[in-house]
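In the working numbering, the protein residues as written are 1208 to 1770. Cβ coordinates follow ideal geometry from the N, Cα and C atoms, glycine included. Computed from a predicted structure; not experimentally measured. In what follows, a single structure is set out as structure tokens and then discussed.
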Amino acid sequence: MAERSTAAVDVADNSDDTSLTAQADQSTADGVAKNRERDTDSDEVQESTRTDGAGTTSPPELHSGHKLARRYRLEECVTRLDGFSSWRAVDEKLRRAVGVHILPADHSRARSVLAAARSSALLGDPRFVQVLDAVEENDVVYVVHEWLPDATELTTLLASGPLEPYDAYQMVSQVSSAMAAAHREGLAHLRLNPNAVLRASTGQWRIRGLAVNAALRGVASDTPQRTDTEAIGALLYAALTQRWPYESDAYGLSGLPKDIGLIAPDQVRAGVHRGLSELSMRALANDGATASRHESPCTTPEELVKAIGEMPRIRPPEPAFTAPPEYQRTTYQQGTYGRQGPHPGVTQPITSPPPPLQSRTGKALKWAVSALLIAALGLGSWQLADALMDQGGKNEDPGKTQTNDGNDKSPKKPVSKPIAIQGARDFDPLGNDGSENPDEIDRLYDNIPGTYWETSFYRSADFGRLKSGVGVILDLGKVQDVGKVTVSFKGATSVELRAASGAATQPQSLDGYTKVAQGSGTTVALKPNKSLKSRYLLVWLTKLPLTEEGNYRGRVVDIKVTS
């Protein structure tokens, strides 16, 4: 199981008609926007309805300078809504800015907020803003989370225009992958909107408000995966068109014209990437809006990740070419160093080049030089041919002839042949549940380009120091001579080849396999140092590469076994 750390939340959504926000034109609760967030329950027609009413308990009477746990000093209130408040604060112990959500301990949602914060903090995915603390003390419940001053909300990015295709592709890829990982752990967002998606200065996309956002606002859904998938489709739609895919305006974006229904992004705006346009419609197909030309709808983040993987990869734009400045010759290069420069306005005489050799002596000299060159070329060719003939004569031995009497005793090198893999299974004996993405294991040898089996994500290359490695067991069907195992990875990976020599049954522990080879790279040829006969081989990953999402995963594209 991947290393557990903290994920994060932010729910600084203000209500246009009920907000009592102090200094509403300042930063949001994560410090990443310069304008006030809005209460979008009335705008986001695709979101689930609340399951409980707003808490009747008044928010705690707090003020700037108040300290929580003698550590978190409140600086500025950015949201006061539905009985809770959000603050920008300072962690005096670690000397860093943080965000804090505060509500009374007897608030109707206090228990659910604490549970959501503690659950999301265990996810350990760097694509989510981290929860740093979740505490109940002195009749107050508060959740402390990261403050991201260098990140920008998607709302702010879209204010200046739609995203470029590559940026939109990166956004939907990273957000979909992150939400798929969250749902595998039983966590949903339910309020995934442009205010909750941030782009860091490094280009990485991060999500805030996982689980806690919905808990604070009392939002629930009977189909959480479908709700989050449709929200991702709306984010992609907005990124491509700068329009909200519903009739109501929201997040500073204009909605679609009334009475025309949901139309594809490439029909809203010219120049929209066709593949991304269809992808957004597949995610938004939950209301039956998919046109006949589109493929089947995506109803879970996992299906959306698979659909993105089947698309041709969108490359980043080429950098604009800047022509170098025109070359300026200096007076030294012009051969006038030390001479007096020409006076302005004075026409300089043009020096004519010397005449060619047109006299009788000049013609005779040219013919003589040509004759010498031809003679030298001929002499050199004759000497080279003579040397080659002499060398050939020395190599021949008239007293010996080569014969092949069929009595050659030298051993012949066996011909390498491919060995078919009859089956494979994931192998994680050091993990909590003993499995590592078993549903994708057949991708190891399906001979389909672009598919791969991947491990869970970890916080470091050494599996977050939780285990020494994970791997896959290959079944060759019977005991065979194994000469080489070639493994192709996505990203440089360290790997060992282990074998159960002569085993009639498949060993279930790591000790049942002996290491016979090791290597690292993107394509690793694992050759045993001595003759190997085995039916069961273990490809054991020991060091993982960094992925584009900012975590560490092993991704095995293909495995070939030869004799």
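Bounding residues of the beta strand (DSSP E) (the contiguous stretch that carries residue i)
i	result
residue 1746	1740-1750
residue 1771	The requested residue 1771 is not part of the displayed model; the chain covers only 1208 to 1770.
residue 1296	1291-1298
residue 1469	Per DSSP, residue 1469 belongs to no beta strand (DSSP E) and is neither H nor E.
residue 1756	Segment: none, residue 1756 is in no beta strand (DSSP E) and carries neither H nor E.
residue 1282	1279-1288
residue 1353	1347-1353
Residue i, DSSP secondary structure in three states
i	result
residue 1715	coil
residue 1691	strand
residue 1664	coil
residue 1655	coil
residue 1627	coil
residue 1390	helix
residue 1455	coil
residue 1412	strand
residue 1510	helix
residue 1337	coil
residue 1761	coil
residue 1326	helix
residue 1684	strand
residue 1462	strand
residue 1263	Residue placement at residue 1263 is flagged as unreliable, the pLDDT there being 48, under the threshold of 50; the coordinate-derived value follows with that caveat. Three-state DSSP puts residue 1263 in coil, outside helix and strand.
residue 1650	helix
residue 1678	strand
residue 1708	strand
residue 1421	helix
residue 1517	helix
residue 1405	strand
residue 1274	strand
residue 1622	coil
C-alpha distance - residue i paired with residue j, whole-angstrom precision
i	j	result
residue 1524	residue 1503	30 Å
residue 1759	residue 1464	44 Å
residue 1319	residue 1671	30 Å
residue 1322	residue 1276	20 Å
residue 1744	residue 1357	48 Å
residue 1299	residue 1664	32 Å
residue 1480	residue 1473	7 Å
residue 1570	residue 1579	15 Å
residue 1761	residue 1414	23 Å
residue 1752	residue 1770	29 Å
residue 1522	residue 1396	30 Å
residue 1380	residue 1345	43 Å
residue 1505	residue 1271	46 Å
residue 1382	residue 1461	23 Å
residue 1374	residue 1487	15 Å
residue 1628	residue 1652	7 Å
residue 1754	residue 1482	24 Å
residue 1405	residue 1722	45 Å
residue 1732	residue 1644	24 Å
residue 1325	residue 1526	44 Å
residue 1392	residue 1433	16 Å
residue 1329	residue 1353	15 Å
residue 1667	residue 1477	43 Å
residue 1335	residue 1642	24 Å
residue 1680	residue 1631	5 Å
residue 1351	residue 1338	6 Å
residue 1749	residue 1647	20 Å
residue 1453	residue 1767	50 Å
residue 1639	residue 1412	29 Å
residue 1636	residue 1747	11 Å
Counterpart residues of residue i in DSSP-defined beta bridges
i	result
residue 1698	According to DSSP, which records beta bridges pairwise, residue 1698 is partnered with nothing at all.
residue 1726	1702
residue 1766	1694
residue 1632	1680
residue 1733	1692
residue 1643	Paired residue(s): none; residue 1643 is not in a bridge.
residue 1343	1348
Test: residue i CB closer than 9 Å to a CB of chain D
i	result
residue 1512	Checking the listed chains, one finds no chain D in this structure; it contains a single protein chain.
Unbroken alpha helix (DSSP H) run spanning residue i, endpoints
i	result
residue 1437	1431-1448
residue 1487	1481-1490
residue 1365	1361-1366
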